[in-house]
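Quick note, the sequences are listed as chains G and S, same order.
Per our numbering, the very first residue in the first sequence carries number 83; after that it's consecutive.
Per our numbering, the very first residue in the second sequence carries number 13; after that it's consecutive.
From the three backbone atoms N, C-alpha and C, an ideal C-beta is built for every residue, glycine too.
A short worksheet on the structure shown next.
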Amino acid sequence: MRINLKATFNSGARGRWIVLAAMLAAGAWLARADDAAIRYEASHESMGTVFTVAVYGRDQAFLSEVVNEVFEEIDRLDEQMSNYKPESELSVINREAAQHEMIVEPRLFGLIQFSLRASQESGGAFDITVGPLMKRWGFFRGQGRLPSPAEISQVLNAVGYQHVYLVPERRGLRFDVSGVEIDLGGIAKGYAVDQAVEILRSNGIMGALVSSGTSSIYALGSPPGERGWKVTVRDPFEAGKAADVFRLQNFALSTSGNYEKSFKIGSKTYCHIMDPHTGWPVENMLSTVVVAPTGTESEALTKIFFVGGVEKSRPYLASHPNALAVFYQPGERPQTFKRTVLRSKSFQLPSDSLAEFEK
Amino acid sequence: MQKEQDVTRREFLKTAAAVAAATTLPSAGAPAILSAQSLSNPVRYGVIGTGTEGCTLLRFLTTIPEGRCIATCDIYPPNLKKGVETIGTNPETYEDYRKMLERKDLDAVLIATPLNLHAQMVLDALSAGKQVFVEKTMYFKEEEGDQIRKASAEHPKQVLQVGLQRRSSLLYQVGMEMIRKGALGKIMFVRAQWHRNNNWRRPVPDPKYERLINWRMYKEYSGGLLAELASHQVDVANWAIGSEPVSVVATGGIDYWKDGRETCDNVQAIYEYPGGQKLLWSSILYNAHLEFDEQIMGDRGTLIITLGKGMYYREAVAKVSSSNSKENWWAGATVTSLAPQEGIPIFPERGANGEIGFVDREVRYAKRWLASMGIYSYEEPHDPWWTEMYNFMLSVRDGKPVIAPLEIGVADARGVIYGNRAVETGQKVFWPKAQPLKET
């Protein structure tokens with residue numbers, strides 16, 4: 083069964099389609115913020131990272147109010163979806179859903195529903211139940227350890243999206259075994275970026291960029307006088323060194339990297355992104371970057387492609403439209419990488435969008 | 013529109029280093045190097061009041077060859093003896109400071125007596141042609157400020173320095189330069205406290221000396237916690253904000269140490285400045301957890317500073333700018349939220365970044381990192397008391413600028429006097445006319 087990755091719950095998608103290349107001749111018809119606009123930028127800590135919003139407009143007070151509303155919304159999402167906070171709705175679900183069916187708030191239900199679809203589509207490469215595995219590897223405590231095969235095998239009994247059952251008509255959710263935990267850490271920030279963009283749009287903002295700790299970025303419109311927002315992807319080995327440059331308008335970009343969290347045992351480095359099938363950290367991938375119409379999609383896809391690797395991702399991209407992926411894998415010499423760029427076969431670009439890869 | 017003043021960590025470190033380099037203090041080894049000029053032409057000074065504070069000054073003065081103590085004065089014999097032993101130069105001793113001032117060979121005096129005596133001693137010393145260092149708080153009663161101003165104006169060639177040691181701290185100077193360069197943005201709030209957990213008394217060998225030794229407890233001599241402790245911190249707020257306050261509300265009481273004292277064992281005060289900035293100050297004598305420091309808060313960062321330690325915290329705040337700059341945003345795996353909250357220790361180090369070698373620069377970076385982990389603590393090249401004394405001697409002998417001159421002391425004293433008035437009356441007290449303070 084093929085499931086469309088476009089989120090049914092996320093009105094931010096709005097049928098925008100991704101197209102790679104310089105499809106806009108002069109770009110004169112791109113929606114742009116007024117050249118006389120002022121620029122307002124603010125940052126806010128939430129979800130264990132720093133969200134930054136830059137907006138263009140005329141009235142500083144208004145812009146600050148809108149951005150504050152964005153940050154309040156992100157905090158609300160964090161309160162609801164955090165699995166670090168015992169009182170969050172998600173934590174309650176994790177504690178109780180093995181005992182009885184839970185009724186879930188509509189937006190959270192929608193995000194879980196989307197995540198499970200992504201899991202099915204990717205054959206389990208993306209899996210929101212991987213949390214117990216990460217705990218066993220020590221990534222929640224920040225002190226990595228090498229679990230025994232028996233430990234991994236035991237934990238894998240409670241890992242797998244198949245253990246989560248949804249009853250859409252009443253937004254019901256239950257787990258079929260105890261020990262299952264949902265962890266939205268691999269998607270919630272992208273979702274939060276989309277919610278932020280919705281607030282900006284609904285307040286008439288035409289030029290803005292939202293970044294969740296650099297891992298998910300949405301470019302709304304373009305800066306005054308610019309053709310898209312310039313987004314530079316960092317080198318997997320060195321922060322501050324550019325690997326690639328994108329120009330985006332009304333598109334999202336997400337990155338997953340093995341350098342985010344990792345630990346070393348002997349000469350071997352283990353990263354925080356787990357292969358849910360094996361129970362082991364993914365190897366031979368430095369980072370993946372995905373450009374997609376929404377942050378929710380792009381963030382989920384980076385995980386799918388990171389875990390799947392280049393070859394397993396080819397059929398996925400062949401059968402799914404509107405995605406661009408860049409794979410960064412270790413090069414032949416130390417501290418070098420090789421790059422593979424894949425894109426969906428069919429692209430249709432809405433007239434207000436831009437997604438250029440300036441390799 | 014508010015101008016963009018984004019101060020990066022690198023810029024901040026450059027600022028700190030450049031400020032340190034710009035100071036005129038001698039190197040850490042200076043006390044041991046006795047120049048010929050120092051030995052042949054020392055400032056001949058006397059110390060009035062050789063109790064705890066006076067002897068602290070004397071201890072630092074023992075390593076400053078630019079001055080020589082030839083006289084000490086105290087009305088309490090044990091203190092007089094202690095002062096002579098501390099300085100070790102066999103000074104002539106006096107019980108009456110006026111007699112001491114009559115000495116023609118005396119260039120300068122340092123006054124470290126109970127507060128109620130300061131003003132008259134300053135006036136007499138200036139009148140006697142002496143250069144004057146007076147401990148904070150400079151004076152006790154409001155009218156004394158104008159008397160000292162008048163006397164100082166009549167003796168323009170004589171030095172008048174107030175003992176506000178933080179002004180002599182290289183660490184504080186670095187902090188203030190950070191403020192001037194915009195590292196903290198617009199300063200709108202200072203919170204400061206001086207908390208102790210003791211009765212603030214000194215031991216009295218005979219009850220008849222109670223008021224003499226514990227003069228800080230009695231309103232006849234003392235302005236209490238505000239005069240002895242807030243005076244340092246009001247001055248820091250004045251320094252950071254660049255003005256003295258316009259009003260103060262305050263409360264306080266004798267609520268814990270009900271031992272016959274007349275001055276409060278706790279005071280809480282809110283000072284307001286011309287731009288709406290506030291200083292929230294408290295002192296208590298029944299909990300020492302917070303000890304003492306000043307937290308200077310701007311819309312772009314916070315500086316938490318006290319003698320020997322300063323930490324800078326950058327604010328994750330809004331930036332407004334014109335739209336003519338090119339956008340470039342970084343993408344990468346998730347950046348953790350911890351980094352922006354980590355404080356950066358500020359160091360009173362000498363030498364600009366561009367003037368030191370690779371190894372020194374790396375060592376400096378390692379020290380900052382270790383300090384941020386609480387593993388390493390950095391000390392000033394000199395204790396601020398030493399620097400304060402050294403500066404006074406150079407001001408007297410060589411005409412160097414005074415670190416904490418008259419108006420700094422007046423602004424500080426007004427903060428103390430009006431703060432105490434607010435406590436006593438329960439009313440908001442307004443300054444007659446707040447004045448901007450010149451940089452020193």
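Fully contained in the segment 111-197 of chain S are the following alpha helix (DSSP H) runs of length 4 or more, in chain order: 130-139, 154-166, 182-192.
With contacts defined as CB atoms closer than 7 Å, A321(G) and V372(G) fail to qualify as a contacting pair. For T346(S), a Cβ of chain G is located within less than 7 Å of the residue's own Cβ. Assignment of M288(G) by DSSP, reduced to helix, strand and coil, places it in the coil class.
Contact with chain G is found for W342(S), since one of that chain's Cβ atoms lies less than 7 Å from the residue's Cβ.
Taken through DSSP and simplified to helix, strand or coil, I253(S) comes out as helix. With 16 or more other Cβ atoms from the protein chains shown falling within 10 Å of its own Cβ, N128(S) counts as buried. Taking the Cα positions, I82(S) is about 20 Å away from D410(S).
Using a Cβ-Cβ cut-off of 7 Å, T314(G) counts as an interface residue toward chain S, since at least one Cβ of chain S sits closer than that to its own.
For Q245(S), the closest C-alpha among the options N209(S), G287(S), R179(S), G320(S) is that of R179(S). A direct Cα-to-Cα measurement between E240(S) and E65(S) gives close to 11 Å. Using a Cβ-Cβ distance cut-off of 8 Å, the segment 406-420 of chain S and the segment 133-141 of chain S are not in contact, since fewer than three pairs of beta carbons, one from each stretch, lie closer than that value. In the three-state reduction of the DSSP assignment, L159(G) falls in the helix class.
Annotation: Cβ neighbours of T296(G) in chain S (cutoff 9 Å, chain order): W341, W342, A343, G344, A345, T346, V347.
Within the same chain, and ignoring the five residues on either side of Y430(S) in sequence, the residues whose Cβ sits closer than 7 Å to its Cβ are V260, V441, W443. Taking 4 residues as the minimum length, the alpha helix (DSSP H) runs contained wholly in the segment 240-316 of chain S are 243-253, in order along the chain. Here G427(S) is actually not in contact with G313(S); their C-beta atoms are around 25 Å apart, not less than 8 Å.
In the same chain as L238(G), and ignoring 5 residues on each side of it, the C-beta atoms closer than 6 Å to its own belong to G361, in chain order. Per DSSP, the continuous alpha helix (DSSP H) segment holding M401(S) begins and ends at 396-410. Proximity of the segment 266-282 of chain G to the segment 138-155 of chain G meets the contact definition, three or more beta-carbon pairs being nearer than 8 Å.
Within chain S, the C-beta atoms nearer than 9 Å to that of E342(G) come from G344, A345, T346, V347, T348, in chain order. Of all alpha-carbon atoms in R329(G), A179(G), P306(G), the one lying nearest the alpha-carbon of T314(G) is that of R329(G).
In the three-state scheme derived from DSSP, where H, G and I count as helix and E and B as strand, L406(G) is classed as strand. Classified as buried, A131(S) has 16 or more neighbouring CB atoms from the shown chains inside 10 Å of its CB. Taking the C-beta atoms as reference points, L237(S) is found no nearer than 7 Å to S294(S). Our two residues, P219(S) and V258(S), have alpha carbons roughly 42 Å apart in a direct line.
Interface flag for L291(G) against chain S is set, since a Cβ pair is found closer than 7 Å. Judged by DSSP secondary structure, F201(S) falls within the beta strand (DSSP E) whose first and last residues are 199-207.
Here the segment 93-113 of chain S does not lie against the segment 158-165 of chain S, with fewer than 3 beta-carbon pairs under 8 Å apart. Cβ atoms of F208(G) and I386(G) come within 8 Å of each other, at about 5 Å. Residue environment for H182(G): exposed (fewer than 16 other C-beta atoms within 10 angstroms of its C-beta). Under the Cβ distance rule, G339(G) counts among the residues neighbouring chain S, one pair being separated by less than 7 Å. When Cβ-Cβ separations below 7 Å define contact, I299(G) makes contact with chain S. Taking each of R433(S), E154(S), Q289(S) in turn and checking the Cα distance to G421(S), the smallest one comes out for E154(S). For G264(S), the closest alpha carbon among the candidates S255(S), E274(S), E256(S) is that of E274(S).
The shortest CA-to-CA distance from E438(G) to any of P168(G), L335(G), P363(G) is the one to L335(G).
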